[in-house]
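A short worksheet on the structure shown next.
Number of protein chains: 2
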Amino acid sequence: MTVKKDYIRPLDLRQGRVDMNHGAGGRAGMQLIDEVFARAFDNEFLRQGDDGAALPAPPPGHRLVMATDGHVISPLFFPGGDIGALSVHGTVNDVAMMGAQPLYLSASFILEEGFALADLKRVVDSMAAAAREAGVPVVTGDTKVVERGKGDGVFIATTGVGALPPGRRLSGALAQPGDVVIVSGTIGEHGVAVLSQRESLEFETAIVSDTAALHGLVADLLAAVPEGAVRCLRDPTRGGLGTTLNEIARQSGVGLLLEEAAIPVLPQVDAACELLGLDPLYIANEGKLVAIVAPEAAQAALAALHAHPLGQRAARIGVVQADDHRFVQMTTRFGGRRVVDWLSGEPLPRIC
Amino acid sequence: MTVKKDYIRPLDLRQGRVDMNHGAGGRAGMQLIDEVFARAFDNEFLRQGDDGAALPAPPPGHRLVMATDGHVISPLFFPGGDIGALSVHGTVNDVAMMGAQPLYLSASFILEEGFALADLKRVVDSMAAAAREAGVPVVTGDTKVVERGKGDGVFIATTGVGALPPGRRLSGALAQPGDVVIVSGTIGEHGVAVLSQRESLEFETAIVSDTAALHGLVADLLAAVPEGAVRCLRDPTRGGLGTTLNEIARQSGVGLLLEEAAIPVLPQVDAACELLGLDPLYIANEGKLVAIVAPEAAQAALAALHAHPLGQRAARIGVVQADDHRFVQMTTRFGGRRVVDWLSGEPLPRIC
Numbered sequence: 001m002t003v004k005k006d007y008i009r010p011l012d013l014r015q016g017r018v019d020m021n022h023g024a025g026g027r028a029g030m031q032l033i034d035e036v037f038a039r040a041f042d043n044e045f046l047r048q049g050d051d052g053a054a055l056p057a058p059p060p061g062h063r064l065v066m067a068t069d070g071h072v073i074s075p076l077f078f079p080g081g082d083i084g085a086l087s088v089h090g091t092v093n094d095v096a097m098m099g100a101q102p103l104y105l106s107a108s109f110i111l112e113e114g115f116a117l118a119d120l121k122r123v124v125d126s127m128a129a130a131a132r133e134a135g136v137p138v139v140t141g142d143t144k145v146v147e148r149g150k151g152d153g154v155f156i157a158t159t160g161v162g163a164l165p166p167g168r169r170l171s172g173a174l175a176q177p178g179d180v181v182i183v184s185g186t187i188g189e190h191g192v193a194v195l196s197q198r199e200s201l202e203f204e205t206a207i208v209s210d211t212a213a214l215h216g217l218v219a220d221l222l223a224a225v226p227e228g229a230v231r232c233l234r235d236p237t238r239g240g241l242g243t244t245l246n247e248i249a250r251q252s253g254v255g256l257l258l259e260e261a262a263i264p265v266l267p268q269v270d271a272a273c274e275l276l277g278l279d280p281l282y283i284a285n286e287g288k289l290v291a292i293v294a295p296e297a298a299q300a301a302l303a304a305l306h307a308h309p310l311g312q313r314a315a316r317i318g319v320v321q322a323d324d325h326r327f328v329q330m331t332t333r334f335g336g337r338r339v340v341d342w343l344s345g346e347p348l349p350r351i352c
Numbered sequence: 001m002t003v004k005k006d007y008i009r010p011l012d013l014r015q016g017r018v019d020m021n022h023g024a025g026g027r028a029g030m031q032l033i034d035e036v037f038a039r040a041f042d043n044e045f046l047r048q049g050d051d052g053a054a055l056p057a058p059p060p061g062h063r064l065v066m067a068t069d070g071h072v073i074s075p076l077f078f079p080g081g082d083i084g085a086l087s088v089h090g091t092v093n094d095v096a097m098m099g100a101q102p103l104y105l106s107a108s109f110i111l112e113e114g115f116a117l118a119d120l121k122r123v124v125d126s127m128a129a130a131a132r133e134a135g136v137p138v139v140t141g142d143t144k145v146v147e148r149g150k151g152d153g154v155f156i157a158t159t160g161v162g163a164l165p166p167g168r169r170l171s172g173a174l175a176q177p178g179d180v181v182i183v184s185g186t187i188g189e190h191g192v193a194v195l196s197q198r199e200s201l202e203f204e205t206a207i208v209s210d211t212a213a214l215h216g217l218v219a220d221l222l223a224a225v226p227e228g229a230v231r232c233l234r235d236p237t238r239g240g241l242g243t244t245l246n247e248i249a250r251q252s253g254v255g256l257l258l259e260e261a262a263i264p265v266l267p268q269v270d271a272a273c274e275l276l277g278l279d280p281l282y283i284a285n286e287g288k289l290v291a292i293v294a295p296e297a298a299q300a301a302l303a304a305l306h307a308h309p310l311g312q313r314a315a316r317i318g319v320v321q322a323d324d325h326r327f328v329q330m331t332t333r334f335g336g337r338r339v340v341d342w343l344s345g346e347p348l349p350r351i352c
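Residue numbers (the UniProt record's numbering), protein chains in the order written: chain A, 1 to 352; chain B, 1 to 352.
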């Protein structure tokens, strides 16, 4: 899609807005694709210009991994990121948590009539930069437009495909009593950054989203321990660490015992949570992972995480134990013990 | 995700509505996934219950094909289909148009607060039935919820992955002068069915959407002619046959000459178009394909299409010719000749 002479004038990327024509199948939509999407994401696959992309398959013996995520975060721009970068990181991370090497992304955009083209370009450029940085190209896409009041600026659904090496199996169903629970860094930054932007709160120390692609960190972690020693990886996004750990407990039919003092939280996130009446355990992260690791591999796993820029504050935060009730419990700073239940109280909508 | 005893009571699938809790990451969201999505789509991959699905790769030597489509059709239910079935057919067809065998689908749902759970269940059940019928499982998914007035019931973005046999290449860039243009059946039913529903029009003869998965038809077509004889396949959805043919002409740098009398249109679609002031050439189809075929293979291609239930009214509608202007022209019923331009006039929004 590189023929550009068809258009009478270029899109007005400063003052222009999305209109229904951009989604109707025709010249306007094609111009939007050429001048915003194709230009930003440019790669050999997208340049094929067909209804889909034809792609090299994973190496022989590898399986495929496929993961998808819809992104509806509000506001679209927040400290440390925006919906574009997030939509790359979120899906790259879902593929990486399966133990796979992310290879390709697809992107489906649902635009609201009246959305500023300047904002769209900013989102798409950020998304393209995140994809380049991650080394995972957006190889195919789609754009639809809905009437004003039937959408909210832009929603982005991304799907990732990755290559899973022979013999590798990571799953939330594989946690065993005695395994160690590790988190790759401080929790709660993403959710607090978004909420503070939403509430127009200003904190003394800036809190920025941790949004990041974790496949490099995962590759280093998996290379440092024997195959099978990492039972499960999860990125504790929506619902936070507390929800993710409950999911693992439920899936594996085990209990978890956490140590509150071991869970890394930035002081400014702690303070903001106190102010907002929130528990960092339930706040979304977009650049952290939880690893359930065999006890004999925990030391090597932690060392590998610590050696990577995204894992410097990795910590051992608990253990897996036999428990028919599949409870996640926590030894508190005061020496007591409480249940870390499924998310209760007010939900935090549209955090990713 | 088969543990169901956690929930105090089952979802109220008759009177219940989507609320923000269903998208917040927690027990309510998990219940929605268990009782609506997982139950309908049930398959071995989805049952893994992880952030993504681990899947058998395509056979050795095959490449991957990846295609994505967002679905925002309004109304959600229309004669002959609904957004659920459509979201399967649309993406299966995009994969098939590349000449690939569709293998897997992912699905991302964006729900509006207040959307009736009964409608959601109806959509998901229809989607699951379409996936089963097509033999292409939904292997992974995601659900988000946006506030009332920030969405429109449900949007569904589906991504498909397929296997492309060695040596196969189909592309809109491969049309050559002398090639034959074939359409697999009557055009315009989907768009007219949706518009008539939207405008509450009733016609003497019911017009139903042609929404269907075309990969079986494609497989039969490709098996009937030598590799390379089918240059390009496209499903003329949004923007209709006229837009699709202009895209091919642009991509290949050729002209097309159509014969109006050869283009199959149901009489009731013709009549409805006249009433609505529409041209069937620009009306969306969801169960038709356009094939650009080498002249010596045209006969065999048509025979293969005619032998399949979805291609019985296939017709040869024109030829490819050299034309630096890349015009799509048409010999009219009255013997004149006109240019079939890119879609002009009022767009038809949210037709898929």
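For each residue, glycine too, the CB sits at the ideal point set by N, CA and C.
Same chain only: Cβ atoms within 8 Å of residue i, ignoring 5 sequence neighbours per side
| i | result |
| --- | --- |
| A249 of chain A | A175, G255, L256, D323, R326, F327 and V328 |
| A131 of chain B | F41, V88, L105, P137 and V138 |
Buried versus exposed, by CB contacts within 10 Å (16 or more), residue i
| i | result |
| --- | --- |
| T205 of chain B | exposed |
| E332 of chain A | Per the sequence shown, the amino acid found at residue 332 of chain A is Thr instead of Glu. T332 of chain A is exposed by the Cβ-count criterion. |
| F334 of chain B | exposed |
| P236 of chain B | buried |
| D12 of chain A | exposed |
| G61 of chain B | exposed |
| G336 of chain A | exposed |
| G149 of chain A | exposed |
| I73 of chain B | buried |
| L275 of chain B | exposed |
| G287 of chain B | buried |
| Q251 of chain A | buried |
| L343 of chain B | buried |
| L348 of chain A | buried |
| A284 of chain B | buried |
For residue i, the nearest candidate out of the options (CA to CA)
| i | options | result |
| --- | --- | --- |
| residue 353 of chain B | B:I317, B:T159 and B:V218 | Absent from the model: residue 353 of chain B. The displayed extent of chain B is 1 to 352, so no value can be given. |
| D125 of chain A | A:D12, A:E147, A:R148 and A:V88 | A:V88 |
| L278 of chain B | B:L221, B:L245 and B:G188 | B:G188 |
| V181 of chain B | B:A219, B:H190, B:L233 and B:I156 | B:L233 |
| Q31 of chain B | A:L170, A:V161, A:S200 and A:E247 | A:E247 |
| A53 of chain B | B:S106, B:S171, B:M127 and B:L258 | B:S106 |
| R47 of chain B | A:W342, A:S171 and A:L111 | A:S171 |
| A129 of chain B | B:G84, B:L111, B:Q101 and B:R313 | B:G84 |
| F45 of chain B | B:M127, B:P177, B:Y104 and B:Q312 | B:Y104 |
| M20 of chain A | A:M66, A:T143, A:T91 and A:V36 | A:T143 |
| P226 of chain A | A:A284, A:G151, A:L55 and A:P295 | A:P295 |
| R14 of chain B | B:A307, B:D119, B:L111 and B:L289 | B:D119 |
| N58 of chain B | A:L164, A:A223 and A:G29 | In the sequence as displayed, the identity of residue 58 of chain B is Pro instead of Asn. Per the Cα distances, A:L164. |
| Q299 of chain B | B:N285, B:A314, B:K121 and B:L289 | B:A314 |
Nonlocal neighbours in the same chain, by C-beta distance under 7 Å from residue i, ignoring five residues either side
| i | result |
| --- | --- |
| R17 of chain B | G114, F115, A116 and L117 |
| K4 of chain A | Residue placement at K4 of chain A cannot be trusted, given a pLDDT of 41 that sits under 50; the coordinates are not used to answer. |
| L221 of chain A | V230, A291, A301, A304 and L305 |
| V145 of chain B | V18, M20, H22, G23, L111 and E113 |
Residues bridged to residue i [DSSP beta-bridge criterion]
| i | result |
| --- | --- |
| E259 of chain A | A:T331 |
| D142 of chain A | A:S108 |
| R9 of chain A | Answer by DSSP bridge pairing: none, since R9 of chain A is not bridged. |
| H71 of chain B | B:I156 |
| I182 of chain A | A:A291 and A:R316 |
| A272 of chain A | A272 of chain A pairs with nothing; no bridge assigned. |
| L348 of chain B | DSSP output for L348 of chain B lists no bridge partner at all. |
| M66 of chain A | A:V161 and B:A53 |
| D82 of chain A | A:F77 |
Cβ-based neighbour list, residue i, same chain, cut-off 6 Å, excluding 5 preceding and 5 following
| i | result |
| --- | --- |
| T2 of chain B | Note that T2 of chain B scores 39 on pLDDT, short of 50, meaning its location in the model is unreliable and no value can be drawn from it. |
| I263 of chain B | I317 |
| G242 of chain A | L281, Y282 and V340 |
| P166 of chain A | G61 |
| N93 of chain A | L214 and D235 |
| G81 of chain A | S209 and T211 |
| G162 of chain A | V65, V95, A100, Q101, P102 and L103 |
Kindly confirm or deny that the region 94-107 of chain B and the region 182-202 of chain B touch, where touching means at least three C-beta pairs closer than 8 Å.
-> no
Would you call the region 31-43 of chain B and the region 131-141 of chain B in contact, with 3 or more CB pairs under 8 Å?
-> yes
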